[in-house]
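My numbering numbers the first residue of the sequence shown as 322 and each following residue consecutively. The beta carbon of each residue, even a glycine, is placed where N, CA and C say it ideally should be. Everything below concerns the one structure shown next.
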Amino acid sequence: MPHEPHAPLGFATHCIHAGQAPDPSTGAIMTPVYMTSTYVQSSPGVFKDGYDYARSKNPTRTALEANFAALEGATHAFAFSSGLAAMDCVLHQLRAGDHVVLSDDVYGGSFRQLDKVFRHLGLETTRVDMTDLPAIERAMRPSTRAVWLETPSNPMLKVIDIAGVRRIVDAWAGKATPSGGARDTTLGPLGTPLDAPILIVDNTFASPYLQTPLALGAHVVLHSCTKYLGGHSDVVAGALMTRDAILAERLKFTQNAVGAVPGAMDCFMLLRSTKTLHVRMQRHCENAATIAAWLAQHPKVEKVIYPGLPSHPQHALARKQMRAFGGMISVVIKGGLEPSRRMLERVRLFSLAESLGGVESLIEHPAIMTHASIPPDARAALGIADGLIRLSVGIEDVNDLIADLDTAMK
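Shown next, in the form of structure tokens:
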């Protein structure tokens, strides 16, 4: 079911109320957890509001998807069992022989899915530095059907001009060659190949609090809800949002056919989490900005990468495109691997762990941990050095976080 687009309400109001009317049977202010696998039909094939089987639809999930749609300014939203499941759903809109232009700096799991799963199924991928718009133009082909980017990217925090990329995608819409064979009406909504490239933006690092890519031209927005949307390091989930009704029908069909849906309890926990997204993100950003400025002056730090610092190469674009600069910082420690390893072993408030976006601060080593699936030469080209560490700055007292880092680096 389509969701209502942005009403003239503030972001914080959407966080708390969108999709979450009081339960009509009891007046409960919190959306109930509908722990059911099926629904009773009044007559064969006659069921209420599309609820026939829980893989296809669940009332708790319906509320969550309406909430997601409001936060991203979308008309349709879909919740998944993980961010990679959401990515898989988008890529299933393509056919063998189609071409994907991929940002060179992406989450290692995203690269792995394209390189190890969909390459086997006939998709071709070209990686490009998307901070260079002419480089994207050069990478496009008549067979290109998707342009995939993260902004800010993981882990180098590149900021990419979403509106600029959309202009390139539109310019290639009329140059597309037929994709993967003729229309096949036996395949349902997927029977018609995509006839032009689509722009997909992974908005996980920013969250809709900081930017809304659909408003800047994205066709589809993806989230790993495990991160900031969940925000408490206790749920694995994903989401897709779009304003394109035809594309939404394809995504809905694929999700139902493949079945990578979240459980009702996970949906309930995410609804709990989005109610505080705005206040959490404000604190994440404030803490990260303070810590980035402190790290930039530290004698054992070679380089700080944070979009909020004037030294960041896309700082001006970040100021224009984002509401604030996020809670992620990447830092190069002088001396390479061993000083970095010692620091990571000595932190106490920062927890050495993969993932990000939780209320507690995390720290990790991309080359060994989150980006180990990226080939070493590709990591080196991106600047993912042995001395690079990535911080997910939480919402603790910022002075305690700075003291923890300072002690660990001594």
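Whole angstroms are fine: how far does the CA of residue j sit from the CA of residue i?
{"i": "A328", "j": "I519", "result": "Unreliable positioning characterises A328 in this predicted model, as indicated by a pLDDT of 49, which lies under 50. The coordinate reading is nonetheless provided below. The straight-line gap from Cα to Cα measures roughly 26 Å."}
{"i": "A642", "j": "P473", "result": "As written in the sequence, residue 642 is Gln, which differs from the Ala given in the question. So the two alpha carbons sit approximately 11 Å from each other."}
{"i": "M322", "j": "L508", "result": "Confidence in M322 is poor, its pLDDT being 46 and thus under 50, which makes the residue's placement unreliable; the coordinate value appears in the next sentence. Taking the straight line joining both Cα atoms gives about 21 Å."}
{"i": "P343", "j": "T352", "result": "7 Å"}
{"i": "L709", "j": "T347", "result": "53 Å"}
{"i": "L392", "j": "T533", "result": "8 Å"}
{"i": "A339", "j": "T396", "result": "13 Å"}
{"i": "A484", "j": "S672", "result": "36 Å"}
{"i": "T311", "j": "V422", "result": "The chain is shown from 322 up to 731; residue 311 falls before or after that span and cannot be answered."}
{"i": "M664", "j": "M730", "result": "5 Å"}
{"i": "G551", "j": "S545", "result": "9 Å"}
{"i": "A390", "j": "G538", "result": "16 Å"}
{"i": "A375", "j": "P687", "result": "38 Å"}
{"i": "V622", "j": "L511", "result": "51 Å"}
{"i": "P365", "j": "G371", "result": "13 Å"}
{"i": "L638", "j": "I612", "result": "21 Å"}
{"i": "P476", "j": "V361", "result": "48 Å"}
{"i": "C336", "j": "A384", "result": "12 Å"}
{"i": "A400", "j": "R382", "result": "7 Å"}
{"i": "A617", "j": "H633", "result": "11 Å"}
{"i": "A706", "j": "R571", "result": "40 Å"}
{"i": "A527", "j": "V367", "result": "42 Å"}
{"i": "A558", "j": "G656", "result": "37 Å"}
{"i": "E666", "j": "T465", "result": "44 Å"}
{"i": "A699", "j": "M690", "result": "15 Å"}
{"i": "D450", "j": "S424", "result": "6 Å"}
{"i": "S402", "j": "A578", "result": "14 Å"}
{"i": "G704", "j": "S651", "result": "11 Å"}
{"i": "D523", "j": "T506", "result": "31 Å"}
{"i": "D587", "j": "Q576", "result": "17 Å"}
{"i": "L591", "j": "D565", "result": "24 Å"}
{"i": "R440", "j": "I723", "result": "44 Å"}
{"i": "A536", "j": "W615", "result": "34 Å"}
{"i": "D482", "j": "G580", "result": "33 Å"}
{"i": "A333", "j": "V542", "result": "20 Å"}
{"i": "P268", "j": "H619", "result": "This structure does not reach residue 268, given that the chain is present from 322 up to 731, and the question cannot be answered."}
{"i": "E458", "j": "R448", "result": "12 Å"}
{"i": "I654", "j": "S713", "result": "16 Å"}
{"i": "N768", "j": "H599", "result": "The requested residue 768 does not occur in the structure, where the chain is confined to residues 322 to 731."}
{"i": "E607", "j": "V625", "result": "16 Å"}
{"i": "Y530", "j": "V556", "result": "19 Å"}
{"i": "F589", "j": "Y549", "result": "16 Å"}
Out of the options, which has the shortest C-alpha to C-alpha gap to residue i?
{"i": "Y355", "options": "E659, P697, G584", "result": "G584"}
{"i": "H540", "options": "G394, H692, G331, E386", "result": "G394"}
{"i": "A609", "options": "I567, T547, P697, D721", "result": "D721"}
{"i": "V582", "options": "F368, A333, G404, P660", "result": "G404"}
{"i": "L726", "options": "S682, R448, K479", "result": "S682"}
{"i": "P631", "options": "F646, S594, Y530, E623", "result": "F646"}
{"i": "Q603", "options": "K624, I567, M649", "result": "M649"}
{"i": "V568", "options": "D482, L515, D419", "result": "The sequence shown places Leu at residue 568, not Val. The shortest Cα separation from L568 among D482, L515, D419 belongs to L515."}
{"i": "R504", "options": "V480, L478, R416, A637", "result": "R416"}
{"i": "A492", "options": "M461, S500, L470", "result": "M461"}
{"i": "S676", "options": "V625, G429, H413", "result": "G429"}
{"i": "D453", "options": "H420, A674, K479, E445", "result": "K479"}
{"i": "E717", "options": "V680, P696, A406", "result": "V680"}
{"i": "L561", "options": "T359, A406, P345, S377", "result": "A406"}
{"i": "K573", "options": "G331, K369, D409", "result": "D409"}
{"i": "T525", "options": "R711, V427, P380, E659", "result": "V427"}
{"i": "P696", "options": "R433, V468, S554", "result": "R433"}
{"i": "T513", "options": "L330, H413, R711, P660", "result": "H413"}
Which two residues bound the contiguous beta strand (DSSP E) that contains residue i?
{"i": "G552", "result": "Careful: G552 lies outside any beta strand (DSSP E) and carries neither H nor E."}
{"i": "K548", "result": "Here K548 belongs to no beta strand (DSSP E), and DSSP marks it neither H nor E."}
{"i": "F401", "result": "397-401"}
{"i": "G429", "result": "Premise fails: G429 lies in the alpha helix (DSSP H), 429-433, not in any beta strand (DSSP E)."}
{"i": "E675", "result": "From DSSP, E675 is part of no beta strand (DSSP E); its letter is neither H nor E."}
{"i": "V582", "result": "That residue, V582, is in no beta strand (DSSP E); it is neither H nor E in DSSP."}
{"i": "V438", "result": "Premise fails: V438 is in no beta strand (DSSP E) and is neither H nor E."}
Specify, as a first and last residue, the run of the alpha helix (DSSP H) that residue i falls within.
{"i": "S594", "result": "585-595"}
{"i": "S661", "result": "658-667"}
{"i": "V579", "result": "566-579"}
{"i": "L537", "result": "534-537"}
{"i": "T452", "result": "T452 -> no alpha helix (DSSP H), and no H or E assigned at all."}
{"i": "F332", "result": "332-338"}
With which residues is residue i paired in a DSSP beta bridge?
{"i": "H420", "result": "E445, T465"}
{"i": "A560", "result": "A400, H544"}
{"i": "L683", "result": "S672, S713"}
{"i": "M649", "result": "S713"}
{"i": "I654", "result": "V622"}
Do we get a CB-CB distance below 8 Å when we pair residue i with the residues of chain D?
{"i": "V421", "result": "Going by chain labels, chain D is absent from the structure shown, which holds only one protein chain."}
Contained beta strand (DSSP E) runs [length at least 3] in the segment 688-724, N- to C-terminal order: 709-713
Runs of beta strand (DSSP E) lying entirely within the segment 460-528, each at least 3 residues, in chain order: 465-471, 519-523
Any beta strand (DSSP E) of 3 or more consecutive residues that is wholly inside the segment 587-644: 622-626
Length-filtered (4 minimum) alpha helix (DSSP H) runs lying within the segment 340-414: 380-393, 404-412
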